[in-house]
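Each residue of the sequence shown is one higher than the one before, counting from 14 in the working numbering.
Here's the structure we're looking at; comments come further down.
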Amino acid sequence: HGLKKLLTVTFPLIMPTITAGAVVVFMTSLADLGTPMLIGEGYKVLPVLVYEEYMSEIGGNATMASTLSVIIILCSLSVLLLQKISIGKRSYSMSGLRPPAVKKLGKLPFVVLTILCYFIALCALAPQITTMVTSFIKTRGPLFVPGFSLESYRSVWFKLSANIARTFLYSTIAMMFMILIGMFTSYVIVRRKSSITNILDFVLMSPYVIPGSVLGIILVMAFNKPPVVLTGTAAIMIISYTIRKIPYIIRSSTGILYQLDLSSEEASINLGVSPMKTFFKITAILMLPGVLSGAILSWISTINELSSTLILYSGRTGTISVAIYTEIMKDGYGTAAALASILTFATIISLVVFNTLTKGKGSVV
Numbered sequence: 014h015g016l017k018k019l020l021t022v023t024f025p026l027i028m029p030t031i032t033a034g035a036v037v038v039f040m041t042s043l044a045d046l047g048t049p050m051l052i053g054e055g056y057k058v059l060p061v062l063v064y065e066e067y068m069s070e071i072g073g074n075a076t077m078a079s080t081l082s083v084i085i086i087l088c089s090l091s092v093l094l095l096q097k098i099s100i101g102k103r104s105y106s107m108s109g110l111r112p113p114a115v116k117k118l119g120k121l122p123f124v125v126l127t128i129l130c131y132f133i134a135l136c137a138l139a140p141q142i143t144t145m146v147t148s149f150i151k152t153r154g155p156l157f158v159p160g161f162s163l164e165s166y167r168s169v170w171f172k173l174s175a176n177i178a179r180t181f182l183y184s185t186i187a188m189m190f191m192i193l194i195g196m197f198t199s200y201v202i203v204r205r206k207s208s209i210t211n212i213l214d215f216v217l218m219s220p221y222v223i224p225g226s227v228l229g230i231i232l233v234m235a236f237n238k239p240p241v242v243l244t245g246t247a248a249i250m251i252i253s254y255t256i257r258k259i260p261y262i263i264r265s266s267t268g269i270l271y272q273l274d275l276s277s278e279e280a281s282i283n284l285g286v287s288p289m290k291t292f293f294k295i296t297a298i299l300m301l302p303g304v305l306s307g308a309i310l311s312w313i314s315t316i317n318e319l320s321s322t323l324i325l326y327s328g329r330t331g332t333i334s335v336a337i338y339t340e341i342m343k344d345g346y347g348t349a350a351a352l353a354s355i356l357t358f359a360t361i362i363s364l365v366v367f368n369t370l371t372k373g374k375g376s377v378v
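As structure tokens, then:
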């Protein structure tokens with residue numbers, strides 16, 4: 014009886030959330046470049062093939078890289094379309110008048126499920142814990158030796174501190190652009206509904222299905238010739254981050270706008286205040302919690318960005334993720350672990366701030 018309820022009632026209700034999360038996982042995995050390049054030797058995946066074809070030192074094939082990029086985008090769009098079709102066929106909702114009763118588990122199921130949840134959490138945290146411990150182990154060249162020290166962090170401070178500063182600087186600038194663009198465009202999409210705003214919404218959300226390496230190639234091809242040459246500069250990386258991560262802010266901003274009543278804005282305009290002033294004095298302030306939560310998520314994603322950065326960076330614009338990759342390539346595992354620990358620490362602080370702003374009710378999906 015309980016299993017039947019789960020399959021016929023609970024599961025259909027949570028299906029939209031499950032499929033949305035599944036699509037995010039699929040597209041993130043499909044677009045991932047760093048993981049298969051570092052630990053997937055011998056197993057070539059599409060993003061790696063795109064990178065190798067475009068960046069090959071012995072003369073790559075840009076046409077083949079473009080073809081592979083189109084295949085990746087089509088795969089992402091197909092999965093997204095299937096998800097929308099599967100969810101759109103049926104509609105399920107739950108009545109707020111009779112919320113589901115909370116059922117207390119018995120002692121044995123409670124203990125078993127608690128152990129299982131903690132085990133899953135420990136497996137998820139194991140790489141981060143291992144990395145942090147590794148960052149304090151003594152190294153001699155590519156080898157780890159007995160004992161602990163701050164040698165790896167000292168090496169980071171004297172050799173790679175500029176990469177850390179650039180990472181946070183570029184991400185913060187990109188986040189500011191995302192906030193400005195996201196707030197205005199979200200307002201237009203929600204409050205000025207039309208076929209044009211629907212197209213605008215689609216265009217702004219399209220980077221969500223475009224892998225970073227593909228976006229990097231697009232930007233290089235667009236800005237490597239006069240009159241606008243941006244290749245190798247910080248500007249092209251900031252543009253890439255802004256385009257790639259702005260969907261976070263668009264979705265969080267539109268979500269909160271749908272919850273805001275129009276009466277406050279209409280009252281302000283009826284009293285003679287201009288629509289622009291009304292937006293800044295009332296709407297923007299009410300939108301701020303949702304915008305900030307989306308901005309923090311986009312900032313977290315940006316400081317960890319590798320796929321597009323590997324295509325766009327130069328010797329003067331390297332970031333933490335690039336430094337980690339290059340250190341691993343030359344067997345500098347201690348330094349790479351120290352950099353990864355710094356990145357993990359920054360991510361944890363950002364997530365704490367995000368949970369504080371959203372009071373634990375925020376969602377990445």
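Even glycine gets a Cβ: it sits at the ideal position worked out from N, Cα and C.
- By a beta-carbon distance limit of 8 Å, isoleucine 194 contacts isoleucine 259. Their separation comes to about 6 Å.
- Within the model, the alpha-carbon separation for phenylalanine 181 versus leucine 118 is close to 46 Å.
- In the DSSP assignment, glycine 160 falls within the unbroken beta strand (DSSP E) covering 156-161.
- Proximity to arginine 264 across Glu318, Tyr200, Val286, Lys290 peaks at Tyr200, based on C-alpha coordinates.
- A check of alpha carbon separations from leucine 87 across Pro224, Met50, Lys206, Thr143 identifies Pro224 as the nearest.
- For lysine 172, the enclosing alpha helix (DSSP H) starts and ends at 164-172.
- In this structure, threonine 315 lies near tyrosine 254, with their beta-carbon atoms less than 7 Å apart.
- Closest option to threonine 369, judged by alpha-carbon separation, among Ser287, Leu310, Lys238: Leu310.
- Under the three-state reduction of DSSP, arginine 205 is assigned to coil, being neither helix nor strand.
- A straight-line Cα-Cα distance of about 53 Å links threonine 267 and valine 158.
- Nearest Cα to serine 327 within the set Leu243, Val63, Thr30: Leu243.
- The Cβ atoms of valine 83 and valine 36 lie no closer than 7 Å to each other.
- Two segments are said to touch when three or more pairs of C-beta atoms, one from each, lie closer than 8 Å; by this definition the region 217-234 does not touch the region 159-172.
- The Cβ atoms of isoleucine 333 and leucine 352 lie closer than 7 Å to each other.
- Annotated three-state conformation of valine 58 is coil, per DSSP.
- A distance below 7 Å between beta-carbons, with the five flanking residues on each side excluded, links valine 203 to the following residues of its chain, in chain order: Thr267, Leu270, Tyr271.
- The DSSP-derived three-state label of arginine 329 is coil.
- Looking at the DSSP output, valine 286 bridges to nothing.
- Rounded to whole angstroms, the separation of the alpha carbons of methionine 218 and aspartate 274 is 25 Å.
- In the three-state reduction of the DSSP assignment, asparagine 74 falls in the coil class, being assigned neither a helical nor a strand state.
- By the neighbour-count definition (other C-beta atoms within 10 Å, threshold 16), tyrosine 338 is a buried residue.
- For the pair isoleucine 313 and threonine 360, the CB atoms are nearer than the 7 Å cut-off.
- By the neighbour-count definition (other C-beta atoms within 10 Å, threshold 16), phenylalanine 24 is an exposed residue.
- Going by beta carbons, proline 302 and arginine 257 fall outside the 7 Å limit.
- Boundaries of the alpha helix (DSSP H) around isoleucine 263: 247-272.
- With distances taken between CA atoms, isoleucine 355 lies nearest to Asn176 out of Asn176, Thr80, Val115.
- In the structure shown, asparagine 211 adopts helical secondary structure according to DSSP, grouped into three states.
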